[in-house]
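Counting in the numbering used here, the first sequence runs from 22 upward without gaps.
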Amino acid sequence: MNEVLREVAALSPEEREERLAALAPELIEDITKPRVHVKELPALEKAESGVVMRFAPNPSGPLHLGHARAAVLNDAYVQRYGGKYILRIEDTDPKRVDPDAYAMVREDIAWLNLSIHEVVYQSDRFDLYYQYGRDLTERGGAYVCTCENEQFRELKMARKACPCRGLTVEENLALWERMLAGEFYEGEASVRVRTDLEHPDPAMRDFPAFRILHAPLHPRIEAHVYPLMNFSVAVDDHLLGVTHVIRGKDHIANTRRQRYIYDYFGWPVPVYRHYGRMGIEGVILSTSQMREGIRSGAYQGWDDIRLGTLRALARRGIEPAAVRSAMIDIGTGDTDISFSWDNLYAHNRAIVDPVADRYFFVPDPVPLKVRDAPVQTARALLHPNDPGRGTRTLPFLGEVLIPREELGRAPEMIRLKDLFNVRVTESDEGYVLTYAGEDLADARAGKAPIIQWLPAESYLPAVLVTPEGPVAGACEPAAGTVQGKVVQFERVGFARIDRVEPQELIAYFCHR
RNA sequence: GCUGCUAUAGUGUAGUCCGGCCAAUCAUUUCGGCCUUUCACGCCGAAGACUGGGGUUCGAAUCCCCAUAGCAGCACCA
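The structure is reproduced here in structure tokens:
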């Protein structure tokens, strides 16, 4: 073995390639062909025999890029180590539940291609939470607190116990039953986990586990005693057998709080990893802000092109696989990062470029007759790197549409792509195009720009919707046949054909 | 204020645990060039970083201390 290694090391790269060609020609292609680099996530400890992980969104709206990070990272590890991926809908706060979001979350997860094996709703599990809440109280790990909120806060900051902390288990159980029986109104009682009043971090001191809420009503269940996140999450993670949890670092304190609950019950603690905060330039990720923007009419809907929701990305033609690899690229680092659209676009371009058919889109079109030009039909490849895909045809009858912007550059000659060359002159009536031959070499020699164009007699009016606003133009009628697909408008960029209305095509700009 | 986490190029990331092989990886980005009937793709090349200051050591991106900066938590939200 060592001898072989030494032998190989002694060879020059050329020699190695020769030897490989002789030994295993089929492998040559592997090293030659460009390979989409797939970054490997760091190994997870205690994962060798499989993992159970979960994605636990709050159904307050559709999923956005922030959710995608947690969803994809957990999914990637489940796929890598094998095991189970649980979708847990965390709907324990009726104030933050949007009934429509249940469906939206499921749709977004389907789009992301997550390998979910099991779905649980926390609102189905309240009896379980009550059962363990009672259990925890019996163990002395929790007490019912009837203090004024503000008063408790002050005591906590002063590291002092509130009067309720000294109640006996029996007294606590009695109060607990009264809570469940509906004898307290909102804010009058809560259940707290007994932790450590001397804990240096005030966030750890006797945090709440249950609260009372009478309004709004929960869309799925009837309840007035609601578990708080730290309690329901700890109970569920244990009951569902979750072995590894990957979540944002805003949960670091929660992880420590949940540890108290694990310890009271004597449960083994999962492996946690907390990734850093991810800022995203240009879009708001706050569900409540998005909702407000939609309500006020600033945004057209949850898939408004300016939002960071997954459905907005989908509408622009971002592929789920691109989101996935972008998130894996970012990884689980605990540094705060800023999400880069450029990087996402690069991932998407790699996926979309080989498959997107090419079409002409002429922004701000100017109709111009071409003098002395012979009538003919142009054929352009649907994809330059894959002639087998066929061509589209563009009839030239004497007049063309070209982008106004090109004329502003005052070129002497222009090559209409896949057609012929034209000379550009200015007269009293404006620009004049004159046929200047078919030879591509002439255009090359004259450094003529090769531009997209459309026949003035047959085109489809089109609007390209960009984050900066709509761009009116025209496109090939054939582009109207690929509704829902991502195409490349040559020299403009990639776009998704959103819809084709009787007299107009609407496309959403994706990226260059 | 208290508690905790983090700090590598414009952006993301590897290396940091176990100091030397790091004159620091890969991707993106930008700029050149080639290819090309797209300003796409592909290919070649270049640019660009260890937050600062002390200390330990023969030797520090890596260990220690201080400073600075960013972020998070201190909710009857998740």
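The beta carbon of each residue, even a glycine, is placed where N, CA and C say it ideally should be. Keep in mind the model is a prediction, meaning the values are calculated, not measured.
> Between V513 and the rest of its own chain, which residues show a CB-CB distance below 6 Å, the 5 nearest in sequence each way excluded?
Replying inline: For the purposes of this step, residue 513 is identified with residue 492 of the first sequence, where counting begins at 1. If we look at V513 and ignore the five residues flanking it on each side, its Cβ neighbours are F382.
>> Between which residues of its own chain and V484 is the CB-CB distance below 8 Å, once the five residues before and five after are set aside?
In response: Counted from its first residue, the first sequence places residue 484 at position 463. Answer for V484: P491, V492, A493, G494, E525, L526, I527, A528, listed in chain order.
> Quick one: what's got a C-beta closer than 8 Å to I305's C-beta in the same chain, skipping five residues either side?
Replying inline: Along the first sequence, read from residue 1 onward, the residue named residue 305 stands at position 284. M311, G314, L328, G329.
> How is L461 classed by DSSP in three states: helix, strand or coil?
Replying inline: If you number the first sequence from 1, residue 461 lands on position 440. In the structure shown, L461 sits in a helix (DSSP, three-state: H, G or I).
> If you compare alpha carbons, which of N275, R278, I301, P291 is closest to H265?
Replying inline: Numbered from its first residue, the first sequence carries residue 265 at position 244. Of the candidates N275, R278, I301, P291, the one whose C-alpha sits nearest the C-alpha of H265 is P291.
> Between E447, R277, A182, Y285, which lies nearest to R155 when the distance is taken from Cα to Cα?
Replying inline: Numbered from 1 along the first sequence, position 134 holds the residue referred to as residue 155. Among E447, R277, A182, Y285, the Cα nearest to that of R155 is on Y285.
> When we look at the beta-carbon of E522 and count the other beta-carbons within 10 Å, is it buried (16 or more) or exposed?
Replying inline: Taking the first residue of the first sequence as position 1, residue 522 is located at position 501. Answer is exposed; the Cβ neighbour count stays below 16.
> Can you list the beta strand (DSSP E) stretches of 3 or more residues lying completely in the segment 463-517, in chain order?
Replying inline: 481-487, 490-496, 507-510
>> Since L415 and A399 should fall inside the 8 Å C-beta cutoff, what is the C-beta to C-beta distance between them, to a whole number of angstroms?
In response: Looking up residue 415 in the first sequence gives position 394. Looking up residue 399 in the first sequence gives position 378. That pair is a contact at about 4 Å.
>> Quick check for students: name the residue ranges of the beta strand (DSSP E) that lie wholly in the segment 298-324, counting only runs of 3 or more.
In response: 299-301
> So, helix, strand or coil for T414, using DSSP?
Replying inline: Within the first sequence, numbered from 1, the residue matching residue 414 stands at position 393. If DSSP states are grouped into helix, strand and coil, T414 belongs with the strands.
> Given a threshold of 16 other Cβ atoms within 10 Å of its Cβ, counted over all protein chains shown, does S136 qualify as buried or as exposed?
Replying inline: The residue given as residue 136 occupies position 115 in the first sequence. It is exposed - the Cβ of S136 has fewer than 16 other Cβ atoms within 10 Å.
>> Tell me the DSSP secondary structure of V453 in three-state form.
In response: Position 432 of the first sequence holds residue 453. DSSP places V453 in strand when its eight states are reduced to three.
> By the 10 Å Cβ neighbour count, where 16 or more other Cβ atoms means buried, how is R520 classified, buried or exposed?
Replying inline: Taking the first residue of the first sequence as 1, we reach residue 520 at position 499. The residue in question, R520, is exposed, as its Cβ has fewer than 16 Cβ neighbours within 10 Å.
>> Taking the straight line between their C-alpha atoms, what separation do you get for V387 and C531?
In response: As a working mapping, residue 387 is identified with position 366 in the first sequence. As a working mapping, residue 531 is identified with position 510 in the first sequence. V387 and C531: Cα-Cα distance of roughly 25 Å.
> Quick one: complete alpha helix (DSSP H) runs, 4+ long, within the segment 85-130?
Replying inline: 86-102
> Under a Cβ-count criterion, where at least 16 other Cβ atoms within 10 Å of its own Cβ denotes burial, should M178 be classed as buried or exposed?
Replying inline: As a first step, residue 178 must be located in the first sequence, where it is residue number 157. M178 comes out exposed.
> Which residues mark the beginning and the end of the beta strand (DSSP E) in which P388 is found?
Replying inline: Stepping through the first sequence from its first residue, residue 388 is reached at position 367. Segment 386-392, the beta strand (DSSP E) holding P388.
>> For a test of the three-state rule: what should DSSP assign to G187, helix, strand or coil?
In response: On the first sequence, residue 187 is found 166 positions in, with the first residue counted as 1. Residue state, collapsed to three classes: helix.
>> For I358, list the residues DSSP reports as bridge partners.
In response: Position 337 of the first sequence, counted from the first residue, corresponds to residue 358. I358 is bridged to M299.
>> Quick check on D378: buried or exposed, where buried means 16 or more other Cβ atoms within 10 Å of its Cβ?
In response: Start at 1 with the first residue of the first sequence, and residue 378 comes out as number 357. Answer is buried; the Cβ neighbour count reaches 16.
> Given that a residue counts as buried once 16 or more other Cβ atoms are within 10 Å of its Cβ, and exposed if not, what is Q172?
Replying inline: Taking the first sequence and counting its residues from 1, one reaches residue 172 at position 151. By the 10 Å Cβ count, Q172 comes out exposed.
> Whose CA, out of M225, P221, D217, E209, lies closest to the CA of F231?
Replying inline: Here residue 231 corresponds to residue number 210 of the first sequence, with the count starting at 1. When each option's Cα is compared against that of F231, the closest is E209.
>> According to DSSP, M74 sits in a beta bridge with which residue or residues?
In response: Within the first sequence, numbered from 1, the residue matching residue 74 stands at position 53. Paired residue(s): Y106.
> Of the residues A122, G338, L475, V99, which one's Cα is nearest the Cα of I110?
Replying inline: Residue numbering aside, residue 110 sits at position 89 when the first sequence is read from its first letter. Closest by alpha carbon: A122.
> Touch check for the segment 277-284 and the segment 244-259: three-plus C-beta pairs under 8 Å?
Replying inline: yes
> Of the residues W323, T113, Y293, which one's Cα is nearest the Cα of T276?
Replying inline: Taking the first sequence and counting its residues from 1, one reaches residue 276 at position 255. When each option's Cα is compared against that of T276, the closest is Y293.
>> Rounded to the nearest angstrom, what separates S309 and C168 at their Cα positions?
In response: On the first sequence, position 288 is the one that residue 309 refers to. On the first sequence, position 147 is the one that residue 168 refers to. Answer to the nearest angstrom: the Cα atoms are 31 Å apart.
>> Using a 10 Å radius around the Cβ and a threshold of 16 neighbouring Cβ atoms, would you call V214 buried or exposed?
In response: The count along the first sequence starts at 1 and reaches residue 214 at position 193. Result: buried.
> Would the segment 460-478 and the segment 502-509 be scored as touching if the rule is three or more Cβ pairs under 8 Å?
Replying inline: no
>> Given a cut-off of 8 Å on the beta-carbon distance, is the pair Q143 and D257 in contact?
In response: The count along the first sequence starts at 1 and reaches residue 143 at position 122. The count along the first sequence starts at 1 and reaches residue 257 at position 236. In this structure, D257 lies closer than 8 Å to Q143 by Cβ.
>> With three or more C-beta pairs closer than 8 Å as the rule, is the segment 77-89 touching the segment 112-122?
In response: yes
> Do you know offhand how far L260's Cα is from W362's?
Replying inline: Position 239 of the first sequence, counting from 1, holds the residue named residue 260. Position 341 of the first sequence, counting from 1, holds the residue named residue 362. The alpha-carbon atoms of L260 and W362 are separated by roughly 39 Å.
> Who are the near neighbours of K349 in its chain, counting only those whose CB is closer than 8 Å to its CB and skipping five residues on each side?
Replying inline: The count along the first sequence starts at 1 and reaches residue 349 at position 328. For the record, residue 349 in the displayed sequence is Ile; it is not Lys. Taken in chain order, the residues that qualify are V59, K60, L62, V93, L94, A97.
> Would you say G338 and V376 are within 8 Å of each other, going by their C-beta atoms?
Replying inline: Locating residue 338 in the first sequence gives position 317, counting from the first residue. Locating residue 376 in the first sequence gives position 355, counting from the first residue. No; because the gap between Cβ atoms is not below 8 Å, this pair is not in contact.
> Leaving out five residues before and five after T412 in sequence, what residues of the same chain have Cβ atoms less than 7 Å from its Cβ?
Replying inline: Here the question's residue 412 lines up with position 391 in the first sequence. Answer for T412: R400, A401, L402, L403, listed in chain order.
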